[in-house]
Structures are given as C-alpha cells and as structure tokens.
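Colleague: Going down the list, the sequences are from chains G and W. Residue 14 is where the first sequence starts when you use my numbering, and the numbers rise one by one after that. Residue -11 is where the second sequence starts when you use my numbering, and the numbers rise one by one after that. My questions will all concern the structure given below.
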Amino acid sequence: DAMVIQNPRYQVTQFGKPVTLSCSQTLNHNVMYWYQQKSSQAPKLLFHYYDKDFNNEADTPDNFQSRRPNTSFCFLDIRSPGLGDAAMYLCATSRESLGIYEQYFGPGTRLTVT
Amino acid sequence: AQSVTQLGSHVSVSEGALVLLRCNYSSSVPPYLFWYVQYPNQGLQLLLKYTTGATLVKGINGFEAEFKKSETSFHLTKPSAHMSDAAEYFCAVTVGGNQFYFGTGTSLTVIP
C-alpha cells in the first residue's frame, strides 16, 4: 500500500544533542510537510517542500532545519533540542488534484527531550 | 485569511448516542473543508472532505458532515457512537494551494 512512513516512531534525545527525524513516502507526491504537534494542540506547520523548493514558516525557529534529498525522503533536523521541543512530529505529503492539496499523514514521531 | 474554530475541546457521549462535533470556518473565498481523526500516538487520518458539489458528505466509519455556507459551518456527525470512535478530531480548511488551517481539535470520549 502506498503510504507515508516515519522513523523512528519514538525518539529520545538529550538536551542540546542534535537529532534527525526521517520521513519517506511511496505516494510519489511532490509536496512534503513537517508539522509539530504538542499535547492537545493542533498541528503547527514548520515548513514544506514543493518539489525541491523549501518554504519555511515565518515563526519556525532556526533550530529546525530540513532536507529533501529526493522525492521520496524528507528529514527534520533539530540542531540543539530544548525541553520545549518535546512533541509529536508529523510528516505529511500531498499533490495537487483539481486545485486541492489533500494531505496524507504519517504516523508521527514522538520526541522526548531529557 | 482562513481560520477554523472547533467549539468544545472535549465532548463526551454515551455509546450508541449521536455524535456532533462542531466546526466553523472563516474564509473570504469558497473553502475546501476536511475532518481528520487522530488516535493516540498516531498520525492524522482523513475522515471526509468537502470540495464541491453535494453539501452532505459521507466519510469512513459512519461519519458524515454537512457544509452550510450560510452558517459557515461543517459539523461532523455520527448517528450512533461506538467505543472505537474515542479519539481527537480536527477540522481543517484550505482554499486551494497547499496551506491547511487546522482547528484546535475536539477530544471525543465515548462512555460505555
């Protein structure tokens, strides 16, 4: 089945220690997104790639970076995680269909910062 | 700009009772509307969507929603709640393009 895969599902890192979360997709969608979701809150868009074009949200901290080496993979790098970065990180993909970009989500990676 | 308001961050219903989760949107142009469900420690799964055409939209797991332009609403309903419906529900709006605006979510509890 075509899907969005996130690894690992659970990640524990230490305060200040760089961490990378990965996302891959078999849907061949040209748009990939990273969201941060804190407990009992809506997902917050961090950035997205439209093909190779990177689009950063204005309020995304510089501590968060992303890479998309090819259509199928996208990475979220947190350079120096703080306690406030503990959250669920959701990857999503989409492609345009009749002007609409319906988003397909992965299962998420829950990040704990100790 | 677009926005979504979900009234009621927590809703409790008895098993077998009607489920009603409210969503109101703000948009200056015709919107596309979505409902997603999120189970604990899972990603978001699409329940249903409204793009154009019929305003009553049926989705998975027996859910449906009605787009009411005059009320700027897109409430989610299910005639009879099941224990497995307990989850977080998010309403989202887009006007085309790849920017989604999510509501703050409604946590549904189903009481046996």
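Each residue gets a CB set at the ideal place from its N, CA and C atoms; glycine is no exception.
Quick check on W/T39 - is its C-beta less than 7 angstroms from some C-beta in chain G?
Modeller: Locating residue 39 of chain W in the second sequence gives position 51, where the first residue counts as 1. W/T39 counts as touching chain G.
Colleague: By the criterion of Cβ-Cβ separation under 7 angstroms, what are the contact partners of W/G84 in chain G?
Modeller: As a working mapping, residue 84 of chain W is identified with position 96 in the second sequence. The answer, in chain order, is G112, I113.
Colleague: Do G/R123 and G/Y46 count as a contact pair if the criterion is CB distance below 7 angstroms?
Modeller: The count along the first sequence starts at 1 and reaches residue 46 of chain G at position 33. The count along the first sequence starts at 1 and reaches residue 123 of chain G at position 110. For G/Y46 and G/R123, no; Cβs fall outside 7 angstroms.
Colleague: Within 10 Å of its beta-carbon, does W/Y27 have 16 or more other beta-carbons around it, so buried, or fewer, so exposed?
Modeller: On the second sequence, residue 27 of chain W is found 39 positions in, with the first residue counted as 1. So W/Y27 counts as exposed.
Colleague: Using the DSSP secondary-structure output, state which residues sit across from W/S95 in a beta bridge.
Modeller: Here residue 95 of chain W is taken as the residue at index 107 of the second sequence, counted from 1. According to DSSP, W/S95 bridges with W/H(-2), W/E76.
Colleague: Taking the C-alpha atoms as reference points, what is the distance between G/L40 and G/F118?
Modeller: Here residue 40 of chain G refers to the residue found at position 27 when the first sequence is read from its first residue. Here residue 118 of chain G refers to the residue found at position 105 when the first sequence is read from its first residue. The straight-line gap from Cα to Cα measures roughly 11 angstroms.
Colleague: Is the CB of W/L32 under 7 angstroms away from at least one CB in chain G?
Modeller: As a first step, residue 32 of chain W must be located in the second sequence, where it is residue number 44. True, the Cβ-Cβ gap to chain G drops below 7 angstroms.
Colleague: Are the beta-carbon atoms of W/E52 and W/T60 separated by less than 7 angstroms?
Modeller: Indexing the second sequence from 1 puts residue 52 of chain W at position 64. Indexing the second sequence from 1 puts residue 60 of chain W at position 72. Taking 7 angstroms as the Cβ cut-off, W/E52 and W/T60 do not qualify as a contacting pair.
Colleague: With C-beta atoms as the reference, is G/F5 less than 7 angstroms away from G/L59?
Modeller: Because chain G spans 14 through 127 in this model, residue 5 of chain G falls outside it and cannot be assessed.
Colleague: Would you be able to state if there are at least three C-beta pairs under 8 angstroms between the segment 89 to 97 of chain G and the segment -2 to 15 of chain W?
Modeller: With the cut-off at 8 angstroms, the segment -2 to 15 of chain W and the segment 89 to 97 of chain G do not touch.
Colleague: Report buried or exposed for G/E70, applying the criterion of at least 16 other Cβ atoms within 10 angstroms of its Cβ.
Modeller: Position 57 of the first sequence holds residue 70 of chain G. Exposed, since its Cβ has fewer than 16 Cβ neighbours within 10 Å.
Colleague: Per DSSP, W/T82 forms a beta bridge with which residues?
Modeller: In the second sequence, residue 82 of chain W corresponds to position 94, counting from 1. Paired residues: W/Y20.
Colleague: Residues of the segment 64 to 94 of chain G in Cβ contact with chain W at a cutoff of 9 angstroms, in chain order, please.
Modeller: So the list reads N68, given in the order they occur along the chain.
Colleague: Could you tell me which residues DSSP pairs with W/E54 in its beta bridges?
Modeller: Residue 54 of chain W sits at position 66 when you count from the first residue of the second sequence. Partner(s): W/L44, W/H63.
Colleague: For a contact defined as C-beta to C-beta under 8 angstroms, what are the partners of G/Q131 on chain W?
Modeller: Any question about residue 131 of chain G goes unanswered here, given that chain G covers just 14 to 127.
Colleague: Go to G/P82, then tell me how far its beta strand (DSSP E) extends in each direction, as first and last residue.
Modeller: Residue mapping note: residue 82 of chain G aligns to position 69 of the first sequence, counting from 1. Taken as a continuous stretch (DSSP letters only), the beta strand (DSSP E) holding G/P82 covers 77 to 83.
Colleague: Closer than 6 angstroms by C-beta to W/G47: which residues in its own chain qualify, once you throw out the five before and the five after it? Chain order, please.
Modeller: Here residue 47 of chain W is taken as the residue at index 59 of the second sequence, counted from 1. L35, L36, listed in sequence order.
Colleague: So for G/L96, helix, strand or coil by DSSP?
Modeller: Against the first sequence, residue 96 of chain G aligns to sequence position 83. Helix at G/L96.
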